[in-house]
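Last residue of the sequence shown: 383 in the numbering used here, with the numbers rising by one and none dropped.
Written out below as structure tokens is the structure these notes cover.
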Amino acid sequence: MVVKMAKLTENMTETSREVVLTEKANVVGNRGNSSVTRMTGEKLKVLIDLHAKGLSFRKIARELGVNHKTIGYWCRKLGLKPNYTRRSARSDLDKEINKIISLYEQGLSTKSIAEMFNVSPPTIYLRLKKAGIKLRSRGVRGRREEALKYIINRLSMNGAMFTSNLARELMEKYKYGRAYSEQTIRLLVRRGFIKSVFVRHGRSTKSRLSSVLQGIIGKRIVWIDDNGLAEFLTSRLQLNIESSRPIKKAVTHLLRSCGVPENVIEKLRQLYVKSRS
Numbered sequence: 107m108v109v110k111m112a113k114l115t116e117n118m119t120e121t122s123r124e125v126v127l128t129e130k131a132n133v134v135g136n137r138g139n140s141s142v143t144r145m146t147g148e149k150l151k152v153l154i155d156l157h158a159k160g161l162s163f164r165k166i167a168r169e170l171g172v173n174h175k176t177i178g179y180w181c182r183k184l185g186l187k188p189n190y191t192r193r194s195a196r197s198d199l200d201k202e203i204n205k206i207i208s209l210y211e212q213g214l215s216t217k218s219i220a221e222m223f224n225v226s227p228p229t230i231y232l233r234l235k236k237a238g239i240k241l242r243s244r245g246v247r248g249r250r251e252e253a254l255k256y257i258i259n260r261l262s263m264n265g266a267m268f269t270s271n272l273a274r275e276l277m278e279k280y281k282y283g284r285a286y287s288e289q290t291i292r293l294l295v296r297r298g299f300i301k302s303v304f305v306r307h308g309r310s311t312k313s314r315l316s317s318v319l320q321g322i323i324g325k326r327i328v329w330i331d332d333n334g335l336a337e338f339l340t341s342r343l344q345l346n347i348e349s350s351r352p353i354k355k356a357v358t359h360l361l362r363s364c365g366v367p368e369n370v371i372e373k374l375r376q377l378y379v380k381s382r383s
């Protein structure tokens, strides 16, 4: 009898808590903050329900289509604490190690496997390592390092390339998105392994230069060796013997203002002088 009364009291307490949270969600949802975080009273009710099921803030955010910081904000308002992985979930992995190994050998990432077992990717990684499995490079970091080497090799072979073309190659080879591909290229620029320049129209650029610059204007170029950039520009700029001196001077001035190295501009000038003589 005592046990039944205890269970009944526990159920009533839980029900009361849900009612209070739902009422609180309605109150908070009707305040001005809801317009900032884009969370209505109905969404807050769903948030409470998902949290009760043990979902993390990030998973709740994906379910509701909002940023995880937004979920964190409203959970704090509602007095909801983060759902951390249960110890029992981690201990259950030892029983499922053969299945985990099988999934990993089929090509699934540690992140994908972790989501299946409701644990973190490092937990899966450590279990596989402990089991003596030969591990692939860790997720994005490993693939990115491969991509960085690929970029260096491509620029060493080609001398220079448009960032857009190089990013397209990364998208096809590594299944990256465009934004991530361009971000990977910029990482090498920041590290100082490659150089970059964006060829833009200047305010004084005249229409007569459009035919000369149409191959490079409005594009970003990356390279390693300055000689490679000089050859790249020579092959794309229509600077020939028929071009007038003012046009050539305007082109070199524009390239200089965009940040093209002076030794590259001088090489272009020497090529023109050589072709004229």
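Idealized CB from N, CA, C, for every residue including glycine.
Between which residues of its own chain and residue i is the CB-CB distance below 7 Å, once the five residues before and five after are set aside?
i	result
Arg342	Gly321 and Ile322
Ile239	Ile207 and Tyr210
Leu377	Thr340
Phe304	Arg326 and Cys364
Give the range of the beta strand (DSSP E) segment to which residue i is assigned.
i	result
Ala285	First-last for Ala285: Arg284 to Arg297, but that is the alpha helix (DSSP H), not the beta strand (DSSP E).
Ile239	Careful: Ile239 lies outside any beta strand (DSSP E) and carries neither H nor E.
Ile327	Lys325 to Trp329
Between which two residues does the alpha helix (DSSP H) harbouring residue i extend?
i	result
Ile50	Outside the displayed span of the chain (107 to 383) sits residue 50, for which this structure offers no information.
Arg274	Thr269 to Tyr280
Ser218	Thr216 to Phe223
Arg233	Pro227 to Lys236
Ile166	Phe163 to Leu170
Ile154	Gly147 to Ala158
Lys301	Note, Lys301: premise wrong, no alpha helix (DSSP H); beta strand (DSSP E) at Lys301 to Val305.
Lys183	His174 to Leu184
Just to confirm my understanding: we take residue i, look at its own chain, exclude 5 residues before and 5 after, and list those with CB closer than 6 Å. What are they?
i	result
Asp332	Pro367, Asn369 and Val370
Ala336	Val370 and Lys373
Ile230	Thr216, Ile219 and Ala220
Lys301	Trp329
Determine the contact status of residue i and residue j, defining contact as a CB-CB distance below 8 Å.
i	j	result
Ile258	Leu272	no
Cys364	Arg284	no
Leu261	Trp329	yes
Ala237	Ile203	yes
At a cut-off of 7 Å, is residue i close to the ligand ATP when judged by its beta-carbon and the heavy atoms of the ligand?
i	result
Arg362	The ligand content of the structure shown is nil, which means the ligand ATP is not present either.
Rounded to whole angstroms, what's the CA-CA distance from residue i to residue j? Just pull it up for me.
i	j	result
Thr146	Glu221	28 Å
Gly171	Phe163	12 Å
Ser140	Leu241	Its pLDDT being 43, under 50, Ser140 is placed unreliably in this model, and the coordinates cannot settle the point.
Cys181	Lys187	7 Å
Lys355	Ala266	23 Å
Lys151	Ile327	51 Å
Thr269	Met263	15 Å
Leu390	Asn173	Residue 390 is absent from the structure shown; the chain starts at 107 and stops at 383.
Val318	Gly324	13 Å
Report all residues from its chain with a CB closer than 8 Å to the CB of residue i; omit the five preceding and five following residues, and keep chain order.
i	result
Gly334	Leu261, Asn264, Gly265 and Ala266
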